[in-house]
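Student:
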Amino acid sequence: MPRHRSLAVYKAKRDFKKTREPSGRRRVSARPIFVVQEHHARRLHWDFRLESEGVLKSWAVTSMPDLNPMSRHLAIETEDHPWEYATFSGTIPPGEYGAGRVIIWDYGTFLVERPLSDMIDDGVVKVTLKGRKLRGRFVLVRTEGEGEKSRWLFFKAKPRVVGLKVPELKKRA
Ligand code: MN
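When you line the sequence shown up against my numbering, it's residues 1 to 173, in that order.
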């Protein structure tokens with residue numbers, strides 16, 4: 001099963017007669033979107049999702065993302081979600097997978113310099129987020145495992161030093 005193109009795991013976990021979460025369609029877009037959904041499940045987390053190849057690549061971030069380059073947020077890779085999930089907010093009913101309230105915490109578009117699926121395979125994902133809260137370059141680095149449930153660190157990249165000229169030291173005679 002190609003791991004970047006499947007919603008089978010997502011669908012298997014849900015009863016779409018009971019939950020209002022989307023059942024899954026694909027789309028292809030020139031301006032990929034991202035979303036962060038604050039999810040008041042058994043354990044509060046922030047679902048970080050990046051559009052890629054018609055689905056949303058997803059991580060459950062276990063602490064609230066922020067703009068401090070010194071922060072390190074543990075992020076667990078989760079199953080691909082359908083693209084329409086990016087606009088989902090509401091309450092997943094008791095007894096259903098991920099029961100609890102979902103709030104859209106941030107959203108926007110993002111830029112990448114390489115295909116997202118390649119970076120995921122390599123375990124280092126660099127994205128420039130253009131959200132309402134999260135803006136600038138962010139990094140995900142895999143620390144353990146592969147695929148679903150692999151562990152990553154999510155954080156803001158240190159600002160790039162561009163065009164900074166270091167003054168040359170004058171030679172002293
Ligand atoms: Mn979640």
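Ideal Cβ positions, reconstructed from N, Cα and C, are used throughout, including at glycine.
These numbers were taken from a predicted model, which means no experiment stands behind them.
1) Check whether the region 115–133 and the region 92–104 are in contact - that is, three or more C-beta pairs closer than 8 Å.
2) How big is the Cα-Cα spacing for Ala-86 and Val-35?
3) Can at least three beta-carbon pairs, one atom from the region 149–160 and one from the region 65–79, be found at a separation below 8 Å?
4) Say whether the region 12–23 touches the region 41–60, bearing in mind that this needs 3 or more beta-carbon pairs closer than 8 Å, one atom from each stretch.
5) Quick check: the Cα distance between Ser-6 and Arg-160, rounded to an integer number of angstroms?
6) How would you call Asp-80, buried or exposed, if buried means at least 16 neighbouring beta carbons within 10 angstroms?
7) Please report the distance separating the alpha-carbon of Glu-113 from that of Val-127.
8) Using a strict less-than 6 Å threshold between each residue's beta carbon and the heavy atoms of the ligand MN, what residues do you get?
9) Can you check the region 109–139 for any alpha helix (DSSP H) of at least 4 residues that lies completely inside it and give the ranges in chain order?
10) Across which residues does DSSP place Ser-58 in a beta bridge pair?
11) Please return the same chain residues whose Cβ sits closer than 6 Å to the Cβ of Thr-78, not counting the five positions on each side in sequence.
12) Which residue's Cα is closest to the Cα of Leu-111: Leu-129, Pro-94, Gly-98?
13) Step through the CB atoms of chain C and report whether any lies within less than 9 Å of the CB of Leu-50.
14) Taking the C-alpha atoms as reference points, what is the distance between Val-141 and Gly-147?
15) Pick helix, strand or coil for Glu-84, following the three-state DSSP scheme.
16) Give me, in chain order, the residues of the same chain whose beta-carbon lies closer than 7 Å to that of Ala-41; leave out the 5 immediate sequence neighbours on both sides.
Tutor: By the coordinates alone:
1) no
2) In the sequence shown, the residue the question calls residue 86 occupies position 86. In the sequence shown, the residue the question calls residue 35 occupies position 35. Each residue's Cα considered, the two are about 6 Å apart.
3) Yes, the region 149–160 is in contact with the region 65–79.
4) Touching, no.
5) As a first step, residue 6 must be located in the sequence shown, where it is residue number 6. As a first step, residue 160 must be located in the sequence shown, where it is residue number 160. Near 35 Å, if we compare the C-alpha coordinates of Arg-160 and Ser-6.
6) Reading the sequence shown from its first residue, position 80 is the one you call residue 80. The C-beta of Asp-80 has 16 or more other C-beta atoms within 10 Å across all chains shown, which makes the residue buried.
7) Working through the sequence shown from its first residue, we reach residue 113 at position 113. Working through the sequence shown from its first residue, we reach residue 127 at position 127. In a straight line, the C-alpha of Glu-113 is about 8 Å away from that of Val-127.
8) His-39, Ala-41, His-45, Asp-47, Ala-60, Gly-98
9) 116–122
10) Here residue 58 refers to the residue found at position 58 when the sequence shown is read from its first residue. DSSP lists Arg-49, Thr-78 as partners of Ser-58.
11) In the sequence shown, counting from the first residue as 1, residue 78 sits at position 78. Ser-58, Ala-60.
12) In the sequence shown, counting from the first residue as 1, residue 111 sits at position 111. Cα-wise, what sits closest to Leu-111 is Leu-129.
13) Within the model displayed, chain C is absent; a lone protein chain is all it includes.
14) The sequence position of residue 141 within the sequence shown is 141, counting from 1. The sequence position of residue 147 within the sequence shown is 147, counting from 1. C-alpha separation (whole angstroms): 13 Å.
15) Here residue 84 refers to the residue found at position 84 of the sequence shown. Residue state, collapsed to three classes: helix.
16) The residue labelled residue 41 in the question sits at position 41 within the sequence shown. Around Ala-41: Gly-98, Ala-99, Gly-100.
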